[in-house]
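Numbering (the working numbering), first residue to last: 160 to 365.
Just so it is clear, CB atoms sit at the ideal spot from N, CA and C, and this is done for glycine as well.
Shown next, in structure tokens, is the structure this report addresses.
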Amino acid sequence: FPRSTHSLIFVKSEKAASRVMKSIVRFIEKKLGLIVNTEKSKISRPEDLKFLGLGYYYNPKDDRYQTKPHPISVQKFQRKLRQLTKRNWSVPLDYRILKLKQVIFGWINYFRSANMKGVMKQVDKKLRSRIRVIIWKQWKIPKKQIKSLVQLGIPEEEAKGLTYCRKGYRYIGLSKVVQRAISNQRLKKRGLPSSLERYLKVRTVI
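Here is the structure:
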């Protein structure tokens, strides 16, 4: 064997863990002739583990440990989404949505067996907010902004009041008026993927 695969072994006690650890290391090194990476091999409680991007938590309802994306994995995912939703990245919205879909679908497919409904809800909320800010910026001039808001059902006076309020892109893009105009449903029709919907569709229960 050129190398062993990643392995995770659960036992009931720390004493049993020490015994199994010694036995496994002895078998791998003496029987298989491989070298165990002692820096990455350790005895730990499930809550403190990060294994292949996954974290573990105890679910008292089911009386067992279950998986979730490790916080570090979630942070990396959110960082990638922020990069793809930077306002100064001058690309067509269709292309931006395509890249977002690729990243979101890939990440969810990898973690589809983990429990992450709450994480997906937060991702969707932040993503929609950032896309609204991008769309508002793309409208650029006040005349276009007012016209677009009116076309999306906002009364003209309300649209003018928001457009001329002298606030920045982020403030206006996150306003209730823009949320009404660029609703979740409209974003969905535009092609923006829902992380939660994708997760619920491909989720694998172990």
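Whole-angstrom distance between K174 and E198, CA atom to CA atom: Residue mapping note: residue 198 aligns to position 39 of the sequence shown, counting from 1. Residue mapping note: residue 174 aligns to position 15 of the sequence shown, counting from 1. Rounded to whole angstroms, E198 to K174 spans 20 Å at the Cα level.
Do S288 and W298 count as a contact pair if the criterion is CB distance below 7 Å? One-based indexing of the sequence shown puts residue 298 at position 139. One-based indexing of the sequence shown puts residue 288 at position 129. No, they are not a contact pair.
Identify, in the order they occur along the chain, each residue of the same chain with its Cβ nearer than 6 Å to the Cβ of I332, setting aside the five sequence neighbours on each side. What you label residue 332 is simply residue 173 of the sequence shown in a count that begins at 1. The residue you asked about is not Ile; residue 332 is Gly in the sequence shown. The residues are R291, V292 and W295.
Determine which residues share a DSSP beta bridge with P228 and list them. Residue mapping note: residue 228 aligns to position 69 of the sequence shown, counting from 1. Its beta-bridge partners are L213.
Tell me, please, which residues DSSP counts as bridged to N247. For the purposes of this step, residue 247 is taken as residue 88 along the sequence shown, with counting starting at 1. According to DSSP, N247 bridges with nothing at all.
Do P205 and A273 have their C-beta atoms closer together than 7 Å? Along the sequence shown, read from residue 1 onward, the residue named residue 205 stands at position 46. Along the sequence shown, read from residue 1 onward, the residue named residue 273 stands at position 114. No, the Cβ-Cβ distance between P205 and A273 is not below 7 Å.
Taking the C-alpha atoms as reference points, what is the distance between G212 and G192? In the sequence shown, counting from the first residue as 1, residue 212 sits at position 53. In the sequence shown, counting from the first residue as 1, residue 192 sits at position 33. For G212 and G192, the distance between alpha carbons rounds to 28 Å.
Would a C-beta distance cut-off of 7 Å place L355 and D253 closer than the cut-off? For the purposes of this step, residue 355 is identified with residue 196 of the sequence shown, where counting begins at 1. For the purposes of this step, residue 253 is identified with residue 94 of the sequence shown, where counting begins at 1. Not closer than 7 Å, so no.
Any idea if S249 is buried or exposed, counting beta-carbon neighbours within 10 angstroms, 16 or more meaning buried? For the purposes of this step, residue 249 is identified with residue 90 of the sequence shown, where counting begins at 1. S249 is exposed by the Cβ-count criterion.
Beta-carbon spacing of M279, Y358 below 7 Å: Residue numbering aside, residue 279 sits at position 120 when the sequence shown is read from its first letter. Residue numbering aside, residue 358 sits at position 199 when the sequence shown is read from its first letter. Yes, they are a contact pair.
What did DSSP end up calling R271 once you bin it into helix, strand or coil? Along the sequence shown, read from residue 1 onward, the residue named residue 271 stands at position 112. Correct three-state label for R271: coil.
Hey, how far is the Cα of Q310 from the Cα of L346? Indexing the sequence shown from 1 puts residue 310 at position 151. Indexing the sequence shown from 1 puts residue 346 at position 187. So the alpha carbons of these two residues sit roughly 15 Å apart.
Thinking just about the alpha-carbon of each residue, which of S166, V361 and L167 is nearest to the one in Y269? Your numbering for residue 269 matches position 110 in the sequence shown. Out of S166, V361 and L167, V361 has the C-alpha closest to the C-alpha of Y269.
Quick one, are the C-beta atoms of I313 and V336 less than 7 Å apart? Within the sequence shown, the letter at position 154 stands for residue 313. Within the sequence shown, the letter at position 177 stands for residue 336. Yes. Within cutoff.
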